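Listed in order, the protein sequences are those of chains A and B.
Take any residue in the first sequence, note its place counting from 1, add 391, and you have its number in our numbering.
Take any residue in the second sequence, note its place counting from 1, add 452, and you have its number in our numbering.
We put the beta carbon where it would ideally sit given N, CA and C, even for glycine.
Computed from a predicted structure; not experimentally measured.
Here is the structure we will look at.
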Amino acid sequence: MWVLESQGDVLSRRPQVVVLFGSGLIGASCIKWLQVLMPWTATELPFAWEPIRDDHESQLSNHVVSSLERLRRSGLAPRLSFLWCAGKAGFGAEATETAGELANFTRVVDLATKLAAATPDVAVDFTLFSSAGGLFEGMRLVQPDTEPRPLRPYGQLKLDQEAVLKATDSRINKLILRPSSVYGPVSPAGRMGLIPVLIRNGLRRAVSTIAGNVSTQRDYVHVDDIGRYVAQVMLSESDAALRTEFLVSGCPTSILEIVRVVEHILSRKLYVNYEISASNSRDITFAAACRAPAPWATEDLATTIRQIYRQQLASKKG
Amino acid sequence: MTQSIISISTVTPVYCGESYLSALVDKLGQLKSAWEGSGAPMRLAEAIFVVDAAIDGSEAVLRSLAAKHHWVRVLTLARNFGQHPATMAGISYSSGDWVVTMDEDLQHDPVEIPKLLELAVSKGLDVVYARPTDAVHGGLWRDFASKTFKKVMGRLTSNPFITHFNSFRLMRGVVARAAASVSSHETYFDVAVVWYTNRIDSVAFKLRDLRHAEQGKSSYTFRKLISHARRMLVTSSSKHLRVGALLGVGAIFGCGLLAIKTLVQKILYPESVPVPGWTSLFIGVLLLGGLTLMLLSIIIEYLTIVLLHSQGKPTFFVIDRSPDDVVMSYFRRLEQPSVGA
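What follows is the structure, encoded as structure tokens:
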């Protein structure tokens, strides 16, 4: 868990403290992009998840209060931003796993509420990373006003997290982000999406097992596009009490298309085993109308796949 | 509403720039502070320096600069790959909305970057090159040769943008990264850029090759010029291959006509062909030659398709130019005279 502190700049105007939960694929990209756009002082604090320990919570609370106190000296009331991109439960998680995660999230939201109450001069906002795939599994061409209908505990967890956040203190501005299928670089540890798995296994000439069939359609977004957007959102103060945005490309892509692009880039055939079952080969696609407003922008899929491939080739872990 | 922040990355290949790098980073730092201080929507997000097996102390200088400035990023290539591959490596690692490539030796002044950007957003361009107003290398002959070379290559490849090509360029990030991603070591990067966009222009600047002017040294040699020409031709298009195919088809017709002429000659004027069997042999050779050329032209056509496919030339490319409005309104605000009290 990271706490980032900034003196503020022209765009953000105010000094700011960002409390970021989860430094996985998305969290790391958000930190990278926040640091690209302006200098921050970053501190990593211990934060155990199962369950959240009282001493860690009070340590975080004290750290944030003292950071805000320090920033107040500039003469401007600071902003406090919470960013939740944590999550151990994957798409196939059981209800018991997701229950613990919801309890943790509720506790963090309560902490934000307490801090908002204790610092009335501070503008507090909370950004939650939900999941477009979890909420709209099996739906094609989802529209901005389509009601979520989760089919598994993971999707229900995301819906419940959204509900918890919406029900919090009205002093907290809330932003719910719903990313679709996120892909990033090949990671030696941790979960990877379809694209990095195909690249890694393609280079190793190993078999990739895909949960889905060749015609399964998904919506892919690169993690750097998300990091860049979130950093820009966090640096811009919004008056909106509640916003829900889809971080999607609006361009459905079939698994076959991805396999063909990767094969072309690697200049070799991929060994693919399709694990087809009714539950994992559902399409999840979004209409272009769902796309978040500017500055949300998505990089070309083939370009980012080539970049991941080259970076993997350049790394010693290939 | 979220205010767009337009991020800009610079990419500089480094080979022997030890004495220029601190000054270059200082100038980039001044530009960064100027934008941040003036409320500009642009941010100089990162200055990427690609150390291409530098032969002097450039890498150490860059490491110390990176320790001082969080926005300075150093990439070290495993061996010397050359200026173009180093530039492409830097672009691949960049993440800015716009990417500026510039030389290490202060030939390209960062103070000119806003001018490149202003032209790009005002005309909806994707690539803007710097165009030297006068002799860059301090020698009329060298600059004449450079200009003539570009003109000749422009004609040979039917690429009207070759005359603009310069290593000081501003490119839309998505275009730059896409072009870098399809470029191999034999691809001419600027030609690959043209695969993605035709919205290309240039803006005139005073550019000066300080290294050449002061030390009489230049990294460009005649051999490199030939290598550039070869890569430009290979990448530019398959037109020269198609010329071969057309010649093949032309030769078939020529062979056919000659065969008919020889046959008619043998029938009407048999005494003009005294050697028995010559006519049938000659016609046979012509037909086989024509057939071989025709098959060769078909192979060339297929080769062209495979070449374009393997080079990664895109079938289409989607681009979003809407964020330019934010930058354009900033430049318009700057142009408006301030209202006094």
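Would residue i be called buried (16 or more neighbouring beta carbons within 10 Å of its own) or exposed?
i, result
"I565(B)", "buried"
"F473(A)", "buried"
"I719(A)", "In the structure as shown, chain A begins at 392 and stops at 709. Residue 719(A) is therefore absent and cannot be evaluated."
"Y721(B)", "exposed"
"V427(A)", "buried"
"W730(B)", "exposed"
"G700(B)", "buried"
"D516(A)", "buried"
"G489(B)", "exposed"
"E666(A)", "exposed"
"S449(A)", "exposed"
"Y581(B)", "buried"
"N618(B)", "buried"
"G736(B)", "exposed"
"F768(B)", "exposed"
"A793(B)", "Residue confidence for A793(B) is low, a pLDDT of 37 falling below 50, so the modelled location carries little weight and cannot support an answer."
"H560(B)", "buried"
"Y611(A)", "buried"
"L786(B)", "exposed"
Provide the residue span of the alpha helix (DSSP H) that contains residue i, from first to last.
i, result
"P544(A)", "P544 to K557"
"T504(A)", "A486 to A509"
"Q788(B)", "Q788(B) -> no alpha helix (DSSP H), and no H or E assigned at all."
"L745(B)", "W730 to Q763"
"V588(A)", "L585 to R595"
"E511(B)", "S510 to K520"
"W351(A)", "This structure gives no information on residue 351(A), because the portion of chain A shown stretches from 392 to 709."
Run through DSSP, which three-state label would residue i get?
i, result
"A580(A)", "coil"
"R682(A)", "strand"
"S619(B)", "coil"
"I460(B)", "strand"
"A602(A)", "coil"
"R470(A)", "strand"
"D561(B)", "coil"
"A499(B)", "strand"
"M494(B)", "strand"
"Y472(B)", "helix"
"D516(A)", "strand"
"T528(B)", "strand"
"D777(B)", "helix"
"W487(B)", "helix"
"L652(B)", "The amino acid occupying residue 652(B) in the given sequence is Ile; Leu does not appear at that position. Three-state DSSP puts I652(B) in a strand."
"G709(A)", "Residue placement at G709(A) is poorly supported in this model, since its pLDDT is 42, which falls under 50; the coordinates are not used for a value here."
"A582(B)", "strand"
"Y620(A)", "helix"
"S672(A)", "coil"
"P535(A)", "coil"
"R624(B)", "strand"
Could you tell me the boundaries of the beta strand (DSSP E) in which residue i lies?
i, result
"H613(A)", "Y611 to H613"
"T635(A)", "L633 to L638"
"I563(A)", "I563 to P570"
"T434(A)", "T432 to E435"
"N664(A)", "Y662 to Y665"
"Q407(A)", "Q407 to F412"
Below 8 Å on the Cβ atoms is my contact criterion, and I expect residue i with residue j to pass it. Report the Cβ-Cβ distance as a whole number of Å.
i, j, result
"W523(B)", "I458(B)", "Going by Cβ atoms, the distance from W523(B) to I458(B) rounds to 15 Å, so no, they are not a contact pair."
"G606(B)", "T615(B)", "5 Å"
"A486(A)", "P544(A)", "4 Å"
"Y640(B)", "D557(B)", "Not really, about 22 Å apart at Cβ, beyond 8 Å."
"S510(B)", "C468(B)", "7 Å"
"V463(B)", "S546(B)", "6 Å"
"V513(A)", "L556(A)", "Between L556(A) and V513(A) the Cβ distance is about 18 Å, and since that is not below 8 Å, they are no contact."
"L425(A)", "V409(A)", "7 Å"
"S544(B)", "S633(B)", "7 Å"
Give me the chain D residues within the contact set of residue i, using Cβ-Cβ distance strictly less than 9 Å, ordered along the chain.
i, result
"L428(A)", "Absent here is chain D; the protein component of the structure consists of chains A and B."
> Using 8 Å as the Cβ pair cut-off and three pairs as the minimum, do the stretch 614 to 633 of chain B and the stretch 746 to 758 of chain B touch?
Replying inline: No, the stretch 614 to 633 of chain B is not in contact with the stretch 746 to 758 of chain B.
> Is it a yes or a no for the stretch 466 to 484 of chain B touching the stretch 494 to 503 of chain B, going by three-plus beta-carbon pairs under 8 Å?
Replying inline: yes
> Would you call the stretch 650 to 664 of chain A and the stretch 489 to 508 of chain A in contact, with 3 or more CB pairs under 8 Å?
Replying inline: Fewer than three beta-carbon pairs drawn from the stretch 650 to 664 of chain A and the stretch 489 to 508 of chain A are found closer than 8 Å, and the two stretches are therefore not classed as touching.
> Pairing CB atoms from the stretch 602 to 620 of chain A with CB atoms from the stretch 679 to 697 of chain A, are three or more of them under 8 Å?
Replying inline: yes
>> Three or more C-beta pairs under 8 Å: does that hold for the stretch 649 to 659 of chain B against the stretch 572 to 588 of chain B?
In response: yes
> Do the stretch 570 to 577 of chain A and the stretch 403 to 418 of chain A meet, that is, are 3 or more Cβ pairs less than 8 Å apart?
Replying inline: yes
> Can at least three beta-carbon pairs, one atom from the stretch 631 to 644 of chain A and one from the stretch 480 to 494 of chain A, be found at a separation below 8 Å?
Replying inline: no
> If you pair each beta-carbon of the stretch 582 to 593 of chain A with each one of the stretch 516 to 524 of chain A, do three or more pairs fall below 8 Å?
Replying inline: no
>> For the pair the stretch 673 to 691 of chain A and the stretch 603 to 610 of chain A, tell me if three or more CB-CB distances fall below 8 Å.
In response: yes
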